[in-house]
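> Counting in my numbering, the sequence shown runs without a single skipped number right up to 624 at its last residue. Heads up, the beta-carbon is just placed ideally off N, CA and C, and yes, glycines get one too.
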Amino acid sequence: MNTKTIGFIGGGNMATSLMRGLIASGHSPQQIWVSDAVPETLQAHADQLHVNIAADNANIVNEADVVVLAVKPQTLRDVCLQIAPQLKQKNVLVVSIAAGISQQSLALWLGANTAIVRCMPNTPALVQTGATALHANPQVNDEQKDLAENILRAVGLTLWFGDEAQLDAVTAVSGSGPAYFFLLMEAMERAALELGLDEHSARLLIQQTALGAAKIALESAESPAQLRARVTSPGGTTQQAVETFLQHGFVDLVAKALHAARDRSIEMSKQLGAD
């Protein structure tokens, strides 16, 4: 892993997080390249991370063993078509972290023989606590799979999926998932203010409670239902609150929301991908 040169096309927040994670895990900045349309962004990466910078995306392909596509989905087609001639001359792994762009579209733009790993990370990757789903096409060998996994593992947990269609469900669960928890925290904070707590205290209590609950869940072998039962005393305050949630359709509402997100992911893939 540490002997490979990794090139990033796009130097935004997710790419920055990945570069920081790689460097923190021991990867030399001199084996990392990045290109971006904004010169100031490139200079900031050179000054702060001491990585190599390039104004031309073709330079990234020429220098790298693996190319990470970290541009917006709307611009990915143009980027892929631009670098496709260079890819045909090298055995380069392409890792795409662009949401909603299918393997079929990537292969059409980059070339049918291109080794491609499609990834679905989420925003907690920005603080090295992300969850990333990965799917490889048949051209990806075992060494390249390990390489892709190690890159994304620099910012959190990684999971492989054999069926690319499952990435739409992953998008609904973990890709969009942070917003669901923020919405719950937002609602809890509003209710806490109504109950008489000040904003600062309410926010800190809710944030620490969310962190603690996640930590317990990660470190326990028990299911969420079992963990909930453990902290719900019969006839107590927690039971009253949980029963209120359930009586008002909380579980069904969550299911409807995730199905809607999954369906939108499928729709966006058709809109943004190749014809």
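Enumerate, from N- to C-terminal direction, the unbroken beta strand (DSSP E) stretches of 3 or more residues contained entirely within the region 548-624.
none
> Counting C-beta neighbours from all protein chains within 10 Å, is the total for H637 16 or more, i.e. buried, or is it exposed?
Residue 637 is absent from the structure shown; the chain starts at 350 and stops at 624.
> Give, in chain order, every unbroken run of the beta strand (DSSP E) that is at least 3 residues long and sits entirely within the region 419-462.
442-445
> According to DSSP, which residues form a beta bridge with R467?
The count along the sequence shown starts at 1 and reaches residue 467 at position 118. Paired residue(s): S445 and H484.
> By alpha-carbon positions, which one of I555, A404 and H608 ends up nearest to T520?
In the sequence shown, counting from the first residue as 1, residue 520 sits at position 171. Nearest C-alpha to T520 among I555, A404 and H608: H608.
> Let's test the definition: count the other Cβ atoms within 10 Å of the Cβ of T507 and tell me whether it reaches 16, buried, or not, exposed.
Here residue 507 corresponds to residue number 158 of the sequence shown, with the count starting at 1. Looking at its Cβ environment, which holds 16 or more other Cβ atoms inside 10 Å, T507 is buried.
> Quick check: the region 353-362 against the region 385-405, are there 3 or more CB pairs under 8 Å?
yes
> Does the contact criterion of 3 or more C-beta pairs under 8 Å hold for the region 494-509 versus the region 595-604?
Judged by pairs of C-beta atoms under 8 Å, the region 494-509 does not touch the region 595-604, as fewer than three such pairs exist.
> What residue ranges within the region 384-421 form continuous alpha helix (DSSP H) runs of no fewer than 4 residues, ordered along the chain?
388-397 and 406-412
> Assuming the contact rule is C-beta atoms closer than 8 Å, G705 and K439 should be a hit. Round their C-beta distance to whole Å, please.
Look at the range of the chain in this structure, 350 to 624, and you will see that residue 705 is not part of it.
> If L371 sits next to V417, beta carbons under 8 Å apart, how far is it from one beta carbon to the other, in whole angstroms?
Position 22 of the sequence shown, counted from the start, is the residue given in the question as residue 371. Position 68 of the sequence shown, counted from the start, is the residue given in the question as residue 417. Contact doesn't hold; Cβ gap of about 10 Å is too wide.
> What is the DSSP secondary structure of G526, counted as helix, strand or coil?
Taking the first residue of the sequence shown as position 1, residue 526 is located at position 177. Reduced to three states, the DSSP call for G526 is helix.
> Out of curiosity, what's the CA-to-CA distance linking T424 and K619?
Counting from 1 along the sequence shown, the entry for residue 424 is found at position 75. Counting from 1 along the sequence shown, the entry for residue 619 is found at position 270. Using only the alpha carbons, I get a separation of about 15 Å.
> Hey, out of I465, A514, A518 and T365, whose CA is closest to K494's CA?
Position 145 of the sequence shown holds residue 494. Ranking the options by Cα distance to K494, first place goes to I465.
> Excluding sequence positions up to five away, which residues of its chain have a Cβ less than 7 Å from the Cβ of Q518?
In the sequence shown, counting from the first residue as 1, residue 518 sits at position 169. In the sequence as presented, Gln is not what sits at residue 518; that position holds Ala. Closer than 7 Å at Cβ, skipping near neighbours: R611.
> Please report the distance separating the alpha-carbon of T463 from that of Q397.
Residue mapping note: residue 463 aligns to position 114 of the sequence shown, counting from 1. Residue mapping note: residue 397 aligns to position 48 of the sequence shown, counting from 1. About 33 Å.
> Rounding to the nearest angstrom, what Cα-Cα distance links P470 and A395 in this structure?
Here residue 470 is taken as the residue at index 121 of the sequence shown, counted from 1. Here residue 395 is taken as the residue at index 46 of the sequence shown, counted from 1. For P470 and A395, the distance between alpha carbons rounds to 25 Å.
> Run through DSSP, which three-state label would L508 get?
On the sequence shown, residue 508 is found 159 positions in, with the first residue counted as 1. DSSP places L508 in strand when its eight states are reduced to three.
> Could you please give me the residues that DSSP links to G356 through a beta bridge?
Along the sequence shown, one-based indexing puts residue 356 at 7. For G356, which the question treats as bridged, DSSP gives the partners W382 and V416.
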